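Note sheet for the following structure.
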Amino acid sequence: MRPPPYQPLPPTTLFPSLSPLSTVKIVILTNEYPPNVYGGAGVHVEYLTRELAALDGGEHEIEVLCFGEQDETHGNLRVRGVEPDFELPRQDERHAKFMDAMARDLVMAGSVADADIIHGHTWYSHLAGCLTKQLTGGNLVLTTHSLEPHRPWKREQLGTGYDSSSWVERTTYENADGIVAVSGAMKDDVQSLYDVGNAETEVIHNGIDIDQYCPRPDRSVLEAYDVDPDRPFVLFVGRITRQKGILHLVEAIPHFEDDIQVVLCAGAPDTEEIGAEMEARVEAARSETSNRIVWIDEMLPREDVITMYTHASVFVCPSVYEPFGIINLEAMACETPVVASRVGGIPEIVVPKETGFLVDVDPTGGDDVEPADPDAFAQGLADGVNALMADPERRDAMSTAARRRVEAQFSWRAIAEQTLDFYKSLIG
-8 MRPPPYQPLP PTTLFPSLSP LSTVKIVILT NEYPPNVYGG AGVHVEYLTR ELAALDGGEH
52 EIEVLCFGEQ DETHGNLRVR GVEPDFELPR QDERHAKFMD AMARDLVMAG SVADADIIHG
112 HTWYSHLAGC LTKQLTGGNL VLTTHSLEPH RPWKREQLGT GYDSSSWVER TTYENADGIV
172 AVSGAMKDDV QSLYDVGNAE TEVIHNGIDI DQYCPRPDRS VLEAYDVDPD RPFVLFVGRI
232 TRQKGILHLV EAIPHFEDDI QVVLCAGAPD TEEIGAEMEA RVEAARSETS NRIVWIDEML
292 PREDVITMYT HASVFVCPSV YEPFGIINLE AMACETPVVA SRVGGIPEIV VPKETGFLVD
352 VDPTGGDDVE PADPDAFAQG LADGVNALMA DPERRDAMST AARRRVEAQF SWRAIAEQTL
412 DFYKSLIG
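Rendered as structure tokens:
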């Protein structure tokens, strides 16, 4: 049974203790919010809203509208799940995600009475942001977690709904008042793809909770997932998508030196087809190597992931498209060196030969971000892994440098302060 339609509280009772004269009213529109988090954008929104709510003595009103059934208030932070009590028709089941997002966006847009800032995250909530701006006169801010033109594989998942999501994204960006790019590379991308000349654009990196993401000595979690705690292992964490490059990593495994344990925390395939392809590739890799492959085909709880990061010898991020790459920060915060693709925002995180290695993807070109030579890319990943696994002293030095870099550059409090300053500059 669907929950009743979302009914916002009157503005005067939402935060009765706060004076509207001293506050900035911020509405956050997002598909993901705890407990429904399955990617980096959801992690970003969770920590950003928490830190925004704590700034200036908690005087700013923050309301989050998201997918799910949440209904909670924590001081000046209000979280409401939005689930429409109706379903839009669809002629192709691949259109379901798009049509459901549009229905949710319409309900979100009609649920906001007023706002100084409307902050949208990912195309799933962009239409809501665009409409809410028109209906309330608030300033529309978008964070560039990714851009649809660089994700053509989404057509497998959405069918022609991919064309529709691309249109929604373009329309919303071209109506934005402010854009937060999570990396310098993303700033260049959004300015080259869309007509955003009237929007203020600022680079504000993603961050990480350095108190939560830190080394965990307990190894019992490893045994629970059939990981041998006494054998060094290489780790991947992420969804099974073309974007994350997991298939390229599997192709690299036969090129790893012998006796390297490989742990793939990889679940939530975008489509049945890529899920089946993953199964076939893993089985092929097992037949071609003596290295032990542990595939955990589910999305692990955060605490267990942190333990995996801690005890991994090397973390691998083989993404072919990565606007920022927060997963690399997570591994580095747990003192694990990284072998990652030289794409998007990753070079702004991983310092070559200091906190890990970067591997060139050499994409085909145009909208195709897949490597022109997949075999060379797989070999490059293997070379980076082999170099670190063969040199424990170098690994230890990189581990220390990785944690130090995260502490110095990527705290969420600093990111929230930059974001609030950006909001205030738009309000004037």
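For the sequence shown, this note's numbering assigns the number -8 to the initial residue and increments by one for each residue that follows.
By construction, the Cβ of each residue, glycine as well, lies at the ideal position given by its N, Cα and C atoms.
Since the structure is predicted, the reported quantities are computational estimates derived from the model, not experimental observations.
Classify residue i: buried if its beta carbon has 16 or more other beta carbons within 10 angstroms, exposed otherwise.
i: W403; result: buried
i: N130; result: buried
i: P328; result: buried
i: F368; result: buried
i: I237; result: buried
i: E84; result: exposed
i: A106; result: buried
i: T151; result: exposed
i: D221; result: exposed
i: R142; result: buried
i: G30; result: buried
i: F77; result: exposed
i: G48; result: exposed
i: S278; result: exposed
i: R95; result: buried
i: E188; result: The amino acid at residue 188 is misidentified as Glu; the sequence shows Gly. Exposed is the call here.
i: A276; result: buried
Using a Cβ-Cβ cut-off of 7 Å (strictly less than) and excluding sequence neighbours within five positions of residue i, which residues of its own chain qualify?
i: A392; result: E345, T346
i: E424; result: Any property of residue 424 remains undetermined from this structure, which presents the chain solely from -8 to 419.
i: P338; result: L349
i: L240; result: F227, V307, P309, L372
i: T355; result: E361, A363
i: V212; result: D295, T298
i: Y204; result: I297, E321, A324, C325
i: V341; result: N319, V329, A331, G347, L349
i: V352; result: V311, S332, R333, V334, P362, F368
i: L184; result: L138, P140
Let me check understanding here. Comparing Cα to Cα, which of the options lies closest to residue i?
i: W114; options: E23, E279, E326, P328; result: E23
i: W144; options: V360, V397, V18; result: V360
i: P25; options: S155, T14, Y38, K16; result: Y38
i: V334; options: V253, A176, G101, W286; result: A176
i: E147; options: L122, T301, G59, Q234; result: Q234
i: H302; options: V218, E52, L291; result: V218
i: K178; options: G188, D186, E193; result: E193
i: P314; options: F413, G59, H136; result: H136
i: N67; options: Q61, S102, E42; result: E42
i: S102; options: D83, E74, I406; result: E74
i: D387; options: L372, H110, M323, R161; result: M323
i: Y216; options: D96, I287, I201; result: I287
i: R210; options: T298, S304, A44; result: T298
i: A172; options: C205, S156, L138; result: L138
i: C57; options: S278, G120, L79, Y153; result: G120
i: A257; options: M269, E264, E263, I251; result: M269
i: Q125; options: L97, L149, P140; result: L97
i: S332; options: C325, E326, I318; result: I318
If I measure Cβ to Cβ from residue i and keep anything under 6 Å in the same chain, skipping five residues before and after, which residues do I get?
i: H35; result: N197
i: H112; result: T21, A32, V36, T134
i: F348; result: V330, G375
i: R230; result: A259
i: Q409; result: I195
i: A92; result: Y115
i: E248; result: N377
Quick one: what does DSSP say residue i is sitting in, helix, strand or coil?
i: A331; result: strand
i: Y300; result: helix
i: F413; result: helix
i: P(-4); result: The pLDDT assigned to P(-4) is 41, lower than 50, so where the model puts this residue is not dependable, and the model offers no usable value.
i: F348; result: strand
i: F89; result: helix
i: T21; result: strand
i: V342; result: coil
i: S402; result: strand
i: I337; result: helix
i: I201; result: coil
i: I418; result: helix
i: V285; result: strand
i: V194; result: strand
i: V305; result: strand
Take residue i and list the residues in its own chain whose beta-carbon comes closer than 8 Å to its own, dropping the five residues that flank it on each side.
i: A190; result: Y164, A167, D168, G169, I170
i: V15; result: H51, E52, D107, I108, L411, Y414, K415, I418
i: V28; result: V34, E37
i: Q370; result: A243, H246
i: T123; result: V18, L20, M99, A100, V103, A106, I109, G129, L131
i: D200; result: Y38, W403
i: A405; result: G198
Item to check | Contained alpha helix (DSSP H) runs [length at least 4] in the stretch 111 to 188, N- to C-terminal order | outcome: With a minimum length of 4 residues, the continuous alpha helix (DSSP H) runs that stay inside the stretch 111 to 188 are 117 to 127, 145 to 149, 152 to 164, 175 to 184.
Item to check | Segments assigned alpha helix (DSSP H), at least 4 residues, entirely inside the stretch 354 to 388 | outcome: Listed in chain order, the complete alpha helix (DSSP H) runs (minimum 4 residues) inside the stretch 354 to 388 are 365 to 380.
Item to check | Start-end ranges of the alpha helix (DSSP H) lying completely within the stretch 224 to 260, minimum 4 residues | outcome: 237 to 243
Item to check | Start-end ranges of the beta strand (DSSP E) lying completely within the stretch 37 to 73, minimum 3 residues | outcome: 52 to 58, 62 to 65, 68 to 73
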